[in-house]
Structures are given as C-alpha cells and as structure tokens.
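Below: one structure, written as structure tokens.
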Amino acid sequence: MRSSQLFGKTLRQAPADAETISHKLLTRAGFIQQIAAGIFSLQPLGNRSITKIKNIIRDEMDRAGGQEINMPVVQPRDLWVESGRADTFVPPLARFEDRREREMIIAPTHEETATAMARAGVASYRDLPFTIYQIQTKFRDETRPRGGLLRVREFEMKDAYSFDADEEGMDRSFQAMVAAYKRIFKRCGLDVIMVDADSGGIGGKDSNEFVLLTDSGEDTILMSNESDYAANVEKASFIKKAFPIEELGEVEEFATPGIKTIEELAKAEGVSKSKTAKAVFYSVDGEIVVVTIRGDYEVNETKLRNLLDGAEPKLATPEEVKAAGLVSGSASAVGLTGMKSVVDDSITMGSNYLAGANKDGFHLRNVNFERDFKADIVADIAEAKKGYLSPDGKGKLVAKRGIEIGHVFKLGNVYSSKMGANYTNEDGEQNEILMGCYGIGVGRLLAAAVEANHDDFGMLLPRAIAPYEIYLAGLNLNDPNIAGKAEMIYETLQNAGYEVLFDDRDAPPGVKFKDADLLGIPARVVISSRSLENGGVEVKSRISKDAEIVAESDVLASVKALFD
RNA sequence: CGGGGCGUGGCGCAGUGGUAGCGCACCCGCUUUGGGAGCGGGGGGUCGCAGGUUCGAGUCCUGCCGCCCCGACCA
Numbered sequence: 183m184r185s186s187q188l189f190g191k192t193l194r195q196a197p198a199d200a201e202t203i204s205h206k207l208l209t210r211a212g213f214i215q216q217i218a219a220g221i222f223s224l225q226p227l228g229n230r231s232i233t234k235i236k237n238i239i240r241d242e243m244d245r246a247g248g249q250e251i252n253m254p255v256v257q258p259r260d261l262w263v264e265s266g267r268a269d270t271f272v273p274p275l276a277r278f279e280d281r282r283e284r285e286m287i288i289a290p291t292h293e294e295t296a297t298a299m300a301r302a303g304v305a306s307y308r309d310l311p312f313t314i315y316q317i318q319t320k321f322r323d324e325t326r327p328r329g330g331l332l333r334v335r336e337f338e339m340k341d342a343y344s345f346d347a348d349e350e351g352m353d354r355s356f357q358a359m360v361a362a363y364k365r366i367f368k369r370c371g372l373d374v375i376m377v378d379a380d381s382g383g384i385g386g387k388d389s390n391e392f393v394l395l396t397d398s399g400e401d402t403i404l405m406s407n408e409s410d411y412a413a414n415v416e417k418a419s420f421i422k423k424a425f426p427i428e429e430l431g432e433v434e435e436f437a438t439p440g441i442k443t444i445e446e447l448a449k450a451e452g453v454s455k456s457k458t459a460k461a462v463f464y465s466v467d468g469e470i471v472v473v474t475i476r477g478d479y480e481v482n483e484t485k486l487r488n489l490l491d492g493a494e495p496k497l498a499t500p501e502e503v504k505a506a507g508l509v510s511g512s513a514s515a516v517g518l519t520g521m522k523s524v525v526d527d528s529i530t531m532g533s534n535y536l537a538g539a540n541k542d543g544f545h546l547r548n549v550n551f552e553r554d555f556k557a558d559i560v561a562d563i564a565e566a567k568k569g570y571l572s573p574d575g576k577g578k579l580v581a582k583r584g585i586e587i588g589h590v591f592k593l594g595n596v597y598s599s600k601m602g603a604n605y606t607n608e609d610g611e612q613n614e615i616l617m618g619c620y621g622i623g624v625g626r627l628l629a630a631a632v633e634a635n636h637d638d639f640g641m642l643l644p645r646a647i648a649p650y651e652i653y654l655a656g657l658n659l660n661d662p663n664i665a666g667k668a669e670m671i672y673e674t675l676q677n678a679g680y681e682v683l684f685d686d687r688d689a690p691p692g693v694k695f696k697d698a699d700l701l702g703i704p705a706r707v708v709i710s711s712r713s714l715e716n717g718g719v720e721v722k723s724r725i726s727k728d729a730e731i732v733a734e735s736d737v738l739a740s741v742k743a744l745f746d
C-alpha cells in the first residue's frame, strides 16, 4: 500500500475528549473514527488490525475444534422471553417493532440463538459434543461508554458455545476453549491472566475472566502475593479473621447520642470495629432485606445478588428505611420481623457484638447471632480487599486494575432447561444439553494491545496484529535514483510476502518518521541519499533505537532476521 | 441515573455585548529533504439547536441536544 493512496490521515494532536492512551493513539493514527458515544467506525488501518485479530481467533477456534457459524443481530423478542432474559438483561435490550408490529430486539449476546440452533440440530447423544462460534456485532446500550474502544456500545465479539451430553464433556470443552484463549492472547502479544469471576447476567456456575493488568483497566483484580490465586473483586473471597467465642453476655441497652456510624460507635466504646455488627438495608424488588455483617467488613453487592437469585439489591433509600420503621444510625436485625435477613458468616466468627437498638440514640451490647437475631441466609457476602488473607491460605491479597478481554462460562443447563434443548441418551431418555459459552471482545483486545504496547511516540503493535509489517520510507523521492530504488525495494519486499506500507509522499523526513512511529509498524526501512552514501538501505525495528545499514541486495535477509 | 466539565473551520485553541481569529492540517507556486520544513498566495465556520433580552449576541438569560470525566451499573 502506498501512503499517498491510503485513506485516513494521522493527527498531530488527539481530540481533546480522548483520555486513555489507546483512544488517543488509535484516533491519531487514523485507525478509528467516533460516530457517537461508544460507537466507532474502523478506518482502513484499524480494520486491517482488527481483521488480523479476527483471523488469529478463527485459527485458534478452528484448531480447538470450533465450527464457525453466523447468527442474526436482530432477533424476535420472544426468544428472550423463553430464556427469561427479555426484561432482566442489563443494560436493557434495545428493541423496536417491525412493520408487522412484531417485537424485535438488537442482540447484546447470543446464548438464546445458539441454544435455538442446538435445539433444532441435536436429537441424540450421537450429535454431541460440538462447539460453534461466530464473530458478530453486539449492541449493549451501556449507560457510560468510556476510553475509546475500551468500553463501547456496539462492538464485535467472538462468541463461542459448547454443547455436551454430560459434566465431564462440558469440562473438556471448557478446557479446550481456555487453552485456545491462552494461545490467542499470546499470539496477539498480550500477557493476559485468567482470574475467577462472577458470571453475572449470563448465568451458570463457574466463570473465568481473561484480564490484562493495566492501570487504565476498569476492573479490580485481587491476587495473592504468594500463590496464583487471582479473582475479580466481584468474586474474590478471603480468609476472615475469627475471634474466640466468649461467654454470651446479657443484652444491655445504652445511650449513644449523636452516634450514627460503626466508626463512631467502635471509637466511643474503645473497641475494634470487628466487635460491632453492622446492619445494611437493601431494597430488593420492593422488599426490604436486612444484611448483617461484622463491622470490619463491607458488603459485596454482587455476592448478595447471587444469594438473592439474581434480583438486583439496591441500598434502601432514607424514605424506604423510614417507611420500614427502621432507625438509620441505630438499626440492627435484633427484634426485626417481616423482612428477609441475610447474615455474613463473619458474624459467626465473633460474639457479644455492639449493635443498633432500633431506637434513636441507643445501641445494644452483647448482641449475639441466633440468640438475638436470626438469618434466612448465612453466607459469604463480604467484599475482599487488599491486605486480606488469600483464600488458599497462601499470602495476602494485592489489588490491581485490569481490562477484561475475554470471559468463559460453564453454563450447564441454564439455557437448555428453559428453552428445551434436549437430547436422547443411550437409554432412550431425554436429557438436557450442557452448555458453555466463551467471549472475546475484538475491539477491546486491540485497545488493550495498545494500552500494553506503546511509548511516547506511538503504538508498538506486535507483528501479528500490526496493520502492516514494514514501513518503507523513501526520503527525497524527487531524486529519480532514490525513487527508482525505493520502488524496487517495495517490489522486492512485497514479492517476498511482506505487507508493506510504502511512504511515497512528498513530505519531509520528520513527517515520515513520526508517522512510522505513531502507527507502530514493527519494521522500518529507509532509503535516502544518506543511506545510499553509507552503503545502502537502513533497516530498523520500531522498538530499537538504532538502525543498521545493509546493502540493497540484503534488505530481505535483514528484514527477515529482524523478525526472527 | 447522581456529580463535574466542555461544545467556535478537519484537529488543537483564543475571542466577556460592536467587522469571527490563531497554530496545525488542506489547495496553488517556488525553495527545501534524516525527526512533524521556509517564503508567497488561497479555500473552508448557520460559533451545538431553539427561544428570549438588546439598536446590536460567539459573548447575557431560559430550555433542549451532544460529547467527555468521576461515581452507580456492567457477559
């Protein structure tokens, strides 16, 4: 490709509203164009990188036994009613009516259609297992897109779905995808780690995220400083501090004028926060749920939601608290009736707590679980934080930021049971197909690659996903000698199979060098009067400071050596 | 959805009531060619939209829209 023909110009300055490195560089380099919040077009260079990423993904999906399919973006809403997600998916489905007034949606993901495909195509265990995948557009009307391609509303995702007859098969299919994912990220030059994750709105039991650790990421990852334990904060657990159970004291009310928080209470009584039982009130589908957790921990709302069968817990508003007859600042589960009670297991690891008296300006001493208040559910709903003990007993947790590039789920029968995706087993009985699903955000992967690989001058894309492999710059092409030789080298490199961007513009050297650096093309070849005087052609890697001069006849060998 | 910020030429910005400007980019010519060149000439803007105040609005007021950041939320 000749620069003079290339559509898309580089920008000297990034648009003022670009904040993250990848957004700035991808825009300046002419890879992407923003159309609306979270909606982008790909220009030729960006499209080439994306195409390369997609081809790597296809290659590895195929190698892992996947079969490529294609499912529609526009779907009847009925399909989502079947799965139960029509009204619960977050963000809400984008919907419209077609000309026959049928309710349609724009798909944010494709579990429903994939399940429908399997349901139609599978009759017997002999038809299983298989894995299908596509690279397809999704639309999610996020409230807050951010960071250029990092978080968008419309995006291309590689989504794969596995279908198996039994648990062992499902696990095998899952592991095959995990292995493929590791290869994909490695080939894209990304050092990605796999962490435990919450499965959120997709459902299923186990899920793992593939995360690139970087400060520009929006996810918080907790990992052990001594073992390979790593989890998204939504999922992360830890070993809670346990205290000896004392002899249970008698409940005693005392005045606490002006005391509204756990901190104030603990301080006033001269005890650690772990000696308090904190009550937090949530509104869940209009019902008040009281959550009790030891004062030294905080509630993880994702864990709470999972306990409440996926219903969205929202902190109760002051009005709701009041309407329920609760006294904020002095509330506790003691003596409360008619509302659901959830207790974090930290409460069972201590005794004789301080807690609210449900009376303005008063608290209680020696409050104990079971004796003084009960729970409908006792479970771990505490948020892990840095410094806490790793759940595997090895080391402490440290917190890092990361970008979630991929996510894999063991879905089990979540969709097949609701949508009736069954097969006949060896004994002639009907069984539910067990599924897994596996996603990679393609554009986000590119953005992450830029976040991970750049310097002050521009991108440093790995060869596998750079739009071109070689940036060929001829300086002073008005000189017919240089122009002629540059054309010959262009021919030679292309004939050898390299993807070459030939900067044939009538521009000063500085402009060409700056563009070469900005675009992050891994190799640069320069021919100029100076290089010719020095004995030929200059060959330089994007990442190295120095160039080497080689004879014209050795360009090919030199480039090859540089790539090896 | 809560908080904050910003909308003036392709990009970056200046312009606090009186003729819409600057840098880069773009077009033409000449010169120049190793890190975003020099000189000369030129084109391009309903100042986000709609109302209002005023003799007069990019500038003041009201409403709306869009975009960005933080938070909430999020396969």
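Each residue of the first sequence is one higher than the one before, counting from 183 in the numbering used here. All C-beta atoms, glycine included, are put in the ideal place defined by N, C-alpha and C. The model shown is predicted, which means the values in this text are computed figures rather than measured ones.
The alpha carbon of GLY248 has as its nearest neighbour, out of LEU310, GLN215, SER265, ARG282, the alpha carbon of LEU310. Taking 8 Å as the cut-off, the Cβ atoms of VAL374 and LEU404 do not count as close. At the C-beta level, TYR411 and ALA347 stay beyond 8 Å of one another. Here SER409 is exposed, its C-beta having fewer than 16 other C-beta atoms within 10 Å.
Per DSSP, the unbroken alpha helix (DSSP H) holding LYS364 starts and ends at 349-369. Below 8 Å, enough C-beta pairs join the stretch 447-458 and the stretch 469-483 to call them touching: three or more.
In summary, LEU193 is exposed, with fewer than 16 beta-carbon neighbours lying within 10 Å of its beta-carbon over all protein chains present.
In the displayed model, THR319 falls within a strand according to three-state DSSP.
If the five residues before and after ILE238 are omitted, its C-beta is found closer than 7 Å to the C-beta atoms of ILE366, ARG369, CYS370, ALA646, all from its own chain and listed in chain order. Restricting attention to ALA739, GLY468, GLU651, LEU593, the CA atom closest to the CA of GLY385 is found in LEU593.
THR484: member of the alpha helix (DSSP H) spanning 483-489, first to last residue.
At least 8 Å separates the beta-carbon of PHE551 from that of VAL503. Pairing PRO290 with ALA219 gives a Cβ-Cβ distance that is not under 8 Å. Residue pairing for ALA581: DSSP places it in a beta bridge opposite LEU404. In this structure, the alpha-carbon of ILE288 lies about 48 Å from that of ASN540. Assignment of ARG476 by DSSP, reduced to helix, strand and coil, places it in the strand class.
If the five residues before and after MET531 are omitted, its C-beta is found closer than 8 Å to the C-beta atoms of LYS422, LYS423, ALA424, PHE425, ARG476, all from its own chain and listed in chain order. Non-local C-beta neighbours of LEU486 in its own chain, meaning closer than 6 Å and more than five positions away in sequence, comprise PRO495, ILE563, ordered along the chain. For the stretch 689-729, the continuous alpha helix (DSSP H) assignments of 4+ residues that do not extend past its boundaries occur at 691-701, 711-715, in sequence order. Between PRO690 and PHE321, the alpha-carbon positions lie close to 43 Å from each other. Ranked by Cα distance from MET183, the first of GLU651, ILE232, ALA342, LEU657 is GLU651. Taken through DSSP and simplified to helix, strand or coil, ARG184 comes out as strand. Cβ-Cβ separation between VAL377 and ASN414: approximately 6 Å, consistent with a contact (criterion under 8 Å). Secondary structure note for GLY538: its beta strand (DSSP E) is the uninterrupted segment 535-541.
A check of alpha carbon separations from ASN607 across SER406, LEU616, MET601 identifies LEU616 as the nearest. In this structure, DSSP gives HIS545 an extended state, which the three-state scheme calls strand.
Looking only at LEU654, MET352, LYS582, the smallest Cα-Cα distance to GLY702 is reached by LEU654. In this structure, the beta-carbon distance from GLU434 to ARG583 does not fall below 8 Å. The C-beta distance from ALA603 to ARG301 rounds to 4 Å, short enough to fall under 8 Å. The C-beta of ASP697 has 16 or more other C-beta atoms within 10 Å across all chains shown, which makes the residue buried.
Of the residues THR270, GLU293, GLU283, the one whose Cα lies closest to the Cα of MET253 is GLU293. Relative to SER528, the option among ASP388, LYS191, SER419 whose CA is nearest is SER419.
DSSP, read as helix, strand or coil, puts GLU324 in coil. The shortest C-alpha to C-alpha distance from GLY610 to any of GLU391, ARG240, LEU675, ALA305 is the one to ALA305.
Rounded to the nearest whole angstrom, the C-alpha separation of LEU497 and PRO258 is 34 Å.
Look at GLN249 here: in three-state DSSP terms it is strand.
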